[in-house]
Amino acid sequence: MMEYNFREIEQKWQDAWKKNGTYTTNIDPTKPKYYVLDMFPYPSGAGLHVGHPLGYIASDIFSRYKRLQGYNVLHPMGYDAYGLPAEQYAIQTGQHPAVTTKINIARYREQLEKIGFCYDWNREIRTCDPSYYKWTQWAFVKMFEHYFDKKLQKAKSISSLVEKFKTNGTNGISAVCSEELVFTADEWNAKTEHEQQELLLHYRIAYLADLNVNWCPELGTVLANDEVTEGVSVRGGFPVEQRVMRQWSLRVSAYAQRLLDGLESLDWTDSLKETQKNWIGRSEGAELNFHLSFGEGRGELLTVFTTRADTIYGVTFMVLAPESDYVKLCTAPEQTAHVAAYIASTKNRTERERIADRRVTGVFSGSYAINPVSGTEIPIWISDYVLAGYGTGAIMAVPAHDSRDYAFATHFKLPIIPLIEGCDVSQESFDAKEGILINSGFLNGLTVKQAIAKAKEYISENAIGRVKVNYRLRDAIFSRQRYWGEPFPVYYKEGLPYMLDESRLPLELPEVDKFLPTEKGEPPLGRARNWYYSEDKQSTLLSEEPSEKYPLELNTMPGFAGSSAYYLRYMDPKNDQALVSPEANQYWRNVDLYIGGTEHATGHLIYSRFWNKFLFDLGIVCEEEPFKKLINQGMIQGRSNFVYRMKDTNTFVSYNLKNQYETTPIHCDVNIVSNDLLDIEKFKAWRPEFATAKFILEDGKYLCGWAVEKMSKSLYNVVNPDDIVAKYGADTLRLYEMFLGPLEQSKPWDTNGIDGVHRFLKKLWSLFFKNGNLLVNDDEPTADELKTLHKTIKKITFDIENFSYNTSVSAFMICVNELFTYKCNKKAILEPLVILLTPFAPHIAEELYYVLGNEGTVCDAQFPLCNEAYLVENSVKYPISFNGKVRFTLELSANMTKEEVEQTVLSDEQTLKQLAGALPKKVIVVLGKIVNIVC
RNA sequence: GCGGCUGUGGCGUAAUUGGUAGCCGCGCCAGACUUAGGAUCUGGUACCGAGAGGUGUGUGGGUUCGAGUCCCUUCAGCCGCACCA
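Heads up: take any position in the first sequence, counting from 1, add 956, and you land on the numbering used here.
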């Protein structure tokens, strides 16, 4: 072979890997396992751009490295195939989402294969595949059949709960429940089946309830909290409003403490853990009971949650969320109209409007309550700055020490009582949790911290409330009024939900005529024919009218359903008896390394941890946390190019001349620009309106401007990996993606730099071949050559362990540059080098390994070990500095003592020259590093 | 507002973790070989200065024999959370 023909080599080895099943993985008890996982992609119609494979390349390098070290590596890939874009596309074009999804997946697969990943494609999964979502439905059924026991902090079966109800009622029960329920065994036993089922819904981990949900009219569906940012949908950016709907939910909040505790043991970045902690939002505080002092509800209790029990003497009013059940209780007859008007006005505002417009609004309820500690009477207000979903939906307002309460109090002219010695609350509240209490009865003189503790104690002892921990984490709303998702394995009998038997799973997604809601406003599944369940039929999709039929659920599951346990399915993807067999699970356990984007910090990474913990409680999986180590790869940004059009003309001005004219910058396709030099012919051909364009050049060239922006089709800065692979090869692409910079950092893609790594591969090739002749020989390596090799082994090993792949690539370059100057063609050096390079550039490594006369694949070679003996230096180049400034260097023997170094340096004539007769005050010698002379 | 991350040549970045700032690569400059070069090879390239030398890691201060690295201050950019009581 004459020169480095990457096309031929890459095709050859990709074919060989496929044919030989090089990446097929099986359980092998003789080897330690290692599980490397990528966050699987949603196969969009746009295909992959150069930013997508970044994380995949990083994980591929680690997988191959671990394999070379003797691990049995599980490295699978699949597709998060359900989702909104395919369905939106289906609505527009009538194309079935299954069809477009299939096409998109094929394209993704093709693109991924070109890059030479070591995925075991036999394990590929698709979340929309019935054999896969059978297990999504199965897990849902299990969640329906379990409740969460607070004391045990663990999921337990509903049937065991029912047993307790039968004998003891709710006495001694510590089940997490949607609302506080109390009944005796007799009361339970007297209930009808229907009543019992209705009641049990309050306990189930997967439950159906009327909830305040994020409704997105444009998408025609509800959304989970993590699918909404700043009042608009994450997908599409459509407005979201609050609405009460009967929806399936998962009791994620029950797991809040375990989700928080579990973070400790994880090797994730601090920022990611911080985001999760934030999302879980644990706050320690107290619930306090206030009695209504007069009116309809006189004597009734209002419970509030506070983290500042110490401020109880500063409570000058109470505020209820407009949605709170207390509103009805507290509204005095004379205020009914005002309250109703206010509630109507808040209802009409979308979440976005509420956030954007922070006007202080509210209405007086007409009622008063008694402060249980100070005994003072305070008014009760209603305002939407209090959230219904947090705490009890009611607060005690302490305007002196809470800025929101302060704003409210000043607006409605309510009293403000300062409680901290020396604080000034004339302009703003004093929110800091520090200082000495005043105006606070038995708390006076205490620090805030002491006062909180004492107040809590007082509350418990006097039974006016209780110490309470609150979490911000909400239950996950699990229903979507959409077509392209997993159907629920649920049918309804007299309005109550029942689960399909496991033997009936999967319940397959039915065909519909249109992917739109029905005329009655039901979700698209309402259009499916024979979408009924019958107990006497084997099939759920009926061809004939059954004698007795029950409606099936019309909602489908959300996007995160299918991605919550996919890592488990990869362990045993073809198993039709279980999500994962105990053997497979106990061997592969959990993911050792997970790489993906930071956008899943609060969605997927919370839900799958919850899902996994639930399965752990059931004894189905053996590890409580699914992802041991997690790395967020940075985003690859686009580097856009601009041309500058003179106003009202079709003439374009080169970058450095643009200021001499009135111009508008126009995005220009980066694929027709090289080193910011525009290919004018291609530009003219790019779009018809530019065919007749004229140009004002500088030095005969048209230079473009540039900017770093998001990589996006609309900015014409998208670079397709296929093009790069075609032009430079997959190995070059892989190396260059890593060479760009630290994995976790965001950085712009600039194809221009790619020549450097491509040249490196050619240079490596030239160590093996010259004019078609193999140069490799069996000569003994020199000390220098060995040093170069082992220095590189050490560096690469360290870098891979630390995911510092950018520095590995430059270490390879340094190594090859050095071997090149030594004209080293020795097998003893080149063979270990090739193995070392395998994780990064597997195709060329495989070819060169073969050229060196090896049988089998380089993937099964042994990763070379560094022999420190070759790295020992016998001399050190000491930088000699004076007052910290380096003036010259001195090469000295490495085995000299401190004293010897000092003597030699001080007697050196360059030193004498620097000192110019002065006496050194102090000499610092750091052996092997530096000498500093203070003078 | 709270929390996190990042600031180093024209560009992407490196720095053995407190010890010669700018490795590697792009780009640029010069040269060689070439009919040609968007091929290949060689050398140079932080800034100021002819040079000796001086300056330099967003800003200002501090610790230290010595700071890109540690501490404080401040500015800028990015990301996350945000009426969470």
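Glycine is no exception: its CB is placed at the ideal position from the N, C-alpha and C atoms.
The Cβ neighbour count for Thr-1302, taken over all protein chains shown within 10 Å, is at least 16; the residue is labelled buried.
By a beta-carbon distance limit of 8 angstroms, Leu-1699 does not contact Gln-1593. Their separation comes to about 15 angstroms. In the structure shown, the three-state DSSP call for Asn-1245 is strand. For the pair Gly-1559 and Phe-1819, the Cα-to-Cα distance works out to about 38 angstroms. Thr-1474 sits close to Arg-1483, with the two beta carbons spaced by under 8 angstroms. Burial of Ile-1836 is indicated by the presence of at least 16 other C-beta atoms within 10 angstroms of its C-beta. Per the coordinates, the alpha-carbon of Ile-1013 lies some 57 angstroms from the alpha-carbon of Ile-1376. Residue range 1028-1030 is occupied by the beta strand (DSSP E) that includes Val-1029. The three-state secondary structure of His-1005, taken from DSSP, is coil.
Contact between the segment 1091-1100 and the segment 1459-1476 is present: three or more C-beta pairs spanning the two stretches fall below 8 angstroms.
Across the set Ser-1519, Asp-1469, Asp-1632 and Val-1577, the C-alpha of Asp-1469 shows the shortest separation from the C-alpha of His-1052. Within the DSSP bridge table, the entry for Val-1599 names Ile-1622 as partners. In this structure the segment 1753-1773 lies against the segment 1011-1030, because at least three pairs of beta carbons, one per stretch, are closer than 8 angstroms. By the C-beta criterion, the segment 1261-1278 is judged to be in contact with the segment 1334-1354, since at least 3 inter-stretch pairs fall below 8 angstroms. Per the coordinates, the alpha-carbon of Leu-1653 lies some 11 angstroms from the alpha-carbon of Tyr-1600. Cβ atoms of Arg-1690 and Phe-1796 come within 8 angstroms of each other, at about 6 angstroms. Our two residues, Asp-1340 and Gly-1349, have alpha carbons roughly 10 angstroms apart in a direct line. Contact annotation: Leu-1248 and Glu-1256 have beta-carbon atoms nearer than 8 angstroms.
Separation of Val-1713 and Gly-1347 (C-alpha to C-alpha, rounded to the nearest whole angstrom) is 57 angstroms.
In this structure, DSSP gives Glu-1333 an extended state, which the three-state scheme calls strand. Under the three-state reduction of DSSP, Pro-1053 is assigned to helix.
Short of 6 angstroms from the beta carbon of Leu-993, and not among the five residues preceding or following it, lie these beta carbons of its own chain, in chain order: Tyr-1523, Val-1547 and Tyr-1550. Met-1667 has no beta-bridge partner at all, per DSSP. Ranked by how close their Cα comes to the Cα of Phe-1246, the residues Cys-1172, Pro-1195, Tyr-1324 and Ser-1205 have Tyr-1324 in first place.
Of the other Cβ atoms in all chains shown, fewer than 16 fall within 10 Å of the Cβ of Leu-1868; this residue is therefore exposed. Annotated as distal: Gly-1039 and Trp-1487, with beta-carbon spacing of 8 angstroms or more. Nearest C-alpha to Leu-1775 among Ile-1752, Lys-1719 and Val-1208: Lys-1719. A check of alpha carbon separations from Lys-968 across Leu-1804, Glu-1154 and Val-1329 identifies Leu-1804 as the nearest. Beyond the five residues adjoining it in sequence on each side, Asp-1528 comes within less than 7 angstroms, by CB distance, of Val-1536, Ser-1537 and Ala-1540 in the same chain, given in chain order. When DSSP assignments are scanned along the segment 1081-1168, the uninterrupted stretches of beta strand (DSSP E) that are 3 or more residues long and fall wholly within it turn out to be 1102-1105 and 1110-1113. Relative to the Cα of Pro-1289, the nearest Cα in the group Val-1832, Ser-1321 and Asp-1266 belongs to Ser-1321. In this structure the segment 1204-1214 lies against the segment 1566-1583, because at least three pairs of beta carbons, one per stretch, are closer than 8 angstroms. By the CB criterion at 8 angstroms, Ser-1189 and Glu-1197 fall outside the cutoff. A straight line joining the alpha-carbon of Phe-1724 with that of Ile-1770 spans about 17 angstroms. DSSP places Ile-983 in the coil class of the three-state scheme, outside both helix and strand. Approximately 7 angstroms separates the beta-carbon atoms of Gly-1001 and Tyr-1045; this is inside 8 angstroms, confirming the contact.
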